[in-house]
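Only one structure is covered here, and it is reproduced in the block below.
Residue numbers (UniProt numbering): 1 to 416.
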């Protein structure tokens with residue numbers, strides 16, 4: 001069976017450094033930090049008092065009051081970014097066979113704030129079970145693609161992938177293969193997360209996963225820096241419209257890039273820590289290159305998982321050196337989490353978008369906040385430190401890894 005080619009024809013983003021694609025790209029190339037003191041709740045007693053929240057987001061700009069009350073923030077973010085991507089794709093929704101349009105979405109946690117608030121309200125009561133009738137449909141992770149499909153009438157495959165921080169990269173790979181195999185002409189994919197909550201920050205804080213650089217929130221996310229002390233939690237969403245190549249060409253669509261391939265693997269090592277030698281990460285990149293039919297020397301840029309944790313950053317760079325050998329020194333390596341923070345289940349989506357935009361504009365966004373060299377990192381690696389670099393990017397790879405050892409890798413290339 002001849003696999004069909006798959007291309008990207010629409011993009012949408014709602015991030016801590018920009019509320020649409022244009023603003024997001026401007027934030028990326030200018031090295032904008034999205035980290036600031038938390039405003040969603042009183043964080044005074046928390047070890048970490050800052051996060052990468054959305055700025056100037058108002059549900060009333062997108063939903064009427066009644067509709068907004070039925071949607072957790074993570075589902076709102078999903079619908080806003082998906083709407084932008086669908087509009088960007090210029091699909092004629094009336095002309096589509098909607099049974100051949102799917103929505104495959106990623107979320108690592110789902111409606112955490114809804115769950116938190118409902119449980120707190122019950123605990124503060126007299127034991128009488130008074131719960132919002134929308135509690136369950138607001139909370140469940142699969143409700144985001146469900147609402148996207150309901151709004152637009154898409155009746156193809158519809159589900160959520162859950163693999164912690166790899167969730168939306170998994171969703172993109174599932175979308176790729178769904179179109180490759182001929183099951184759909186179009187799939188709206190991506191991911192969303194809204195975990196900057198009492199429970200989210202408290203839980204990650206208890207794991208000692210978060211940076212506690214409260215004196216300088218803007219510089220707290222510092223991948224590859226010797227003084228990094230944990231990740232900065234972010235929120236938001238990214239959406240991509242993937243389309244079968246001939247279908248896109250037939251309607252004269254703008255094509256951003258081809259989705260060349262995807263790879264998956266497991267560390268099979270530890271609940272939260274990466275394998276110190278990056279064995280699973282080596283394999284996922286090798287699997288991705290093999291799936292794409294590309295060689296290591298074809299790759300121009302890598303958007304790393306790069307969360308700003310002491311163990312994870314080193315393990316990933318060791319894996320890159322092993323897979324790419326001497327060519328690793330010719331690759332622009334970066335971590336856009338230095339600007340956006342870590343969007344958990346939405347990370348793979350917004351970082352895939354960053355990779356695609358780097359190809360389109362010929363600019364690789366920087367890894368900001370780097371001050372101190374880590375002696376455990378190969379100094380010959382170009383980590384695109386502190387300032388964007390102009391570069392013709394023909395092939396870009398995006399890594400995303402999740403708690404539980406879930407590894408996902410997606411590779412994009414300029415269309416031939």
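Just so you know, even glycine gets a beta-carbon here, dropped at the ideal spot from N, CA and C.
Simplified DSSP state of residue i, which is helix, strand or coil
{"i": "residue 221", "result": "coil"}
{"i": "residue 194", "result": "coil"}
{"i": "residue 368", "result": "coil"}
{"i": "residue 303", "result": "strand"}
{"i": "residue 147", "result": "helix"}
{"i": "residue 321", "result": "helix"}
{"i": "residue 109", "result": "coil"}
{"i": "residue 390", "result": "strand"}
{"i": "residue 273", "result": "coil"}
{"i": "residue 203", "result": "helix"}
{"i": "residue 401", "result": "strand"}
{"i": "residue 316", "result": "helix"}
{"i": "residue 396", "result": "strand"}
{"i": "residue 258", "result": "strand"}
{"i": "residue 233", "result": "strand"}
{"i": "residue 383", "result": "coil"}
{"i": "residue 344", "result": "helix"}
{"i": "residue 311", "result": "helix"}
{"i": "residue 186", "result": "strand"}
Whole-angstrom distance between residue j and residue i, CA atom to CA atom
{"i": "residue 390", "j": "residue 363", "result": "4 Å"}
{"i": "residue 210", "j": "residue 204", "result": "6 Å"}
{"i": "residue 251", "j": "residue 239", "result": "21 Å"}
{"i": "residue 398", "j": "residue 348", "result": "8 Å"}
{"i": "residue 259", "j": "residue 60", "result": "35 Å"}
{"i": "residue 222", "j": "residue 331", "result": "20 Å"}
{"i": "residue 324", "j": "residue 73", "result": "40 Å"}
{"i": "residue 304", "j": "residue 354", "result": "11 Å"}
{"i": "residue 341", "j": "residue 294", "result": "30 Å"}
{"i": "residue 6", "j": "residue 289", "result": "16 Å"}
{"i": "residue 193", "j": "residue 48", "result": "19 Å"}
{"i": "residue 21", "j": "residue 129", "result": "43 Å"}
{"i": "residue 376", "j": "residue 404", "result": "25 Å"}
{"i": "residue 176", "j": "residue 79", "result": "20 Å"}
{"i": "residue 229", "j": "residue 374", "result": "13 Å"}
{"i": "residue 263", "j": "residue 409", "result": "5 Å"}
{"i": "residue 254", "j": "residue 312", "result": "37 Å"}
{"i": "residue 39", "j": "residue 33", "result": "16 Å"}
{"i": "residue 93", "j": "residue 152", "result": "8 Å"}
{"i": "residue 361", "j": "residue 414", "result": "12 Å"}
{"i": "residue 314", "j": "residue 199", "result": "29 Å"}
{"i": "residue 234", "j": "residue 77", "result": "13 Å"}
{"i": "residue 131", "j": "residue 118", "result": "7 Å"}
Unbroken alpha helix (DSSP H) run spanning residue i, endpoints
{"i": "residue 167", "result": "167-180"}
{"i": "residue 289", "result": "279-292"}
{"i": "residue 29", "result": "21-29"}
{"i": "residue 348", "result": "347-361"}
{"i": "residue 338", "result": "337-340"}
Rounded Cβ spacing between residue i and residue j (contact assumed at less than 8 Å)
{"i": "residue 10", "j": "residue 241", "result": "3 Å"}
{"i": "residue 196", "j": "residue 53", "result": "6 Å"}
{"i": "residue 224", "j": "residue 400", "result": "Their Cβ separation, rounded to whole angstroms, is 17 Å, which puts residue 224 and residue 400 out of contact at 8 Å."}
{"i": "residue 168", "j": "residue 191", "result": "3 Å"}
{"i": "residue 172", "j": "residue 352", "result": "6 Å"}
{"i": "residue 284", "j": "residue 322", "result": "Actually they are not in contact, since the Cβ atoms of residue 284 and residue 322 sit about 12 Å apart, beyond 8 Å."}
{"i": "residue 146", "j": "residue 101", "result": "Actually they do not touch by this definition, with Cβ atoms about 14 Å apart."}
Element boundaries [beta strand (DSSP E), containing residue i]
{"i": "residue 243", "result": "236-244"}
{"i": "residue 413", "result": "406-413"}
{"i": "residue 10", "result": "6-14"}
{"i": "residue 332", "result": "332-334"}
Would you list, in sequence order, the uninterrupted alpha helix (DSSP H) runs of no fewer than 4 residues that lie entirely inside the region 33-90?
Listed in chain order, the alpha helix (DSSP H) elements of length 4 or more contained wholly in the region 33-90 are 65-69, 73-89.
What ranges does the beta strand (DSSP E) occupy inside the region 115-164, keeping only unbroken runs of at least 3 residues that lie completely in it?
The region 115-164 contains these whole beta strand (DSSP E) runs: 158-161.
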